[in-house]
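S.K.:
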Amino acid sequence: RDFDAVRDMLADGVRLELVARARLSGRKEVATYFGNYSRVRDWHFQPGFVEDRPAILVRDPNDPTAAPAYFILLGWQGGKLAAIRDFRHARYVADGAETFVL
6 RDFDAVRDML ADGVRLELVA RARLSGRKEV ATYFGNYSRV RDWHFQPGFV
56 EDRPAILVRD PNDPTAAPAY FILLGWQGGK LAAIRDFRHA RYVADGAETF
106 VL
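Following this note's numbering, the numbering of the sequence shown begins with 6 at its first residue and continues without gaps.
1. Under the DSSP definition of a beta bridge, which residues are partnered with G80?
2. Kindly identify the DSSP beta-bridge partner or partners of P52.
3. Just tell me which of G80, R64, F8, K33 has its CA closest to the CA of F39.
4. In terms of residues, what are the limits of the alpha helix (DSSP H) holding D13?
5. If you count every other CB in all the chains shown that lies within 10 Å of the CB of Y97, and 16 or more means buried, which is it?
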């Protein structure tokens, strides 16, 4: 829940796609996205991979052993977070996805 640390890792040209909802670009615009997650408590994040891509696996906080409800793909460039693709509103994508928890 340390979103300030994540904001510090954003690349200037970062792109965010909240699948089926919105697209944001640029450090300032994307930084507002983290406020949404800080206001709700319906998630438990775990670092991992989805089909060999770096990701955050999102689980029900009341059942952390359940399969991920959805995931957030992360793209890194030069040590900075350059792309975020959040499937919160397209959870069907998690069905059958190959995931690995770190």
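Note that the Cβ used here is the ideal one computed from N, Cα and C, for glycine as well.
M.R.: In this structure, then:
1. Bridge partners of G80: A88.
2. According to DSSP, P52 bridges with I61.
3. Selection G80, R64, F8, K33 evaluated against F39 yields F8 as nearest (Cα-Cα).
4. Its alpha helix (DSSP H) spans residues 8 to 13.
5. Within 10 angstroms of the beta-carbon of Y97 lie fewer than 16 other beta-carbons, which makes it exposed.
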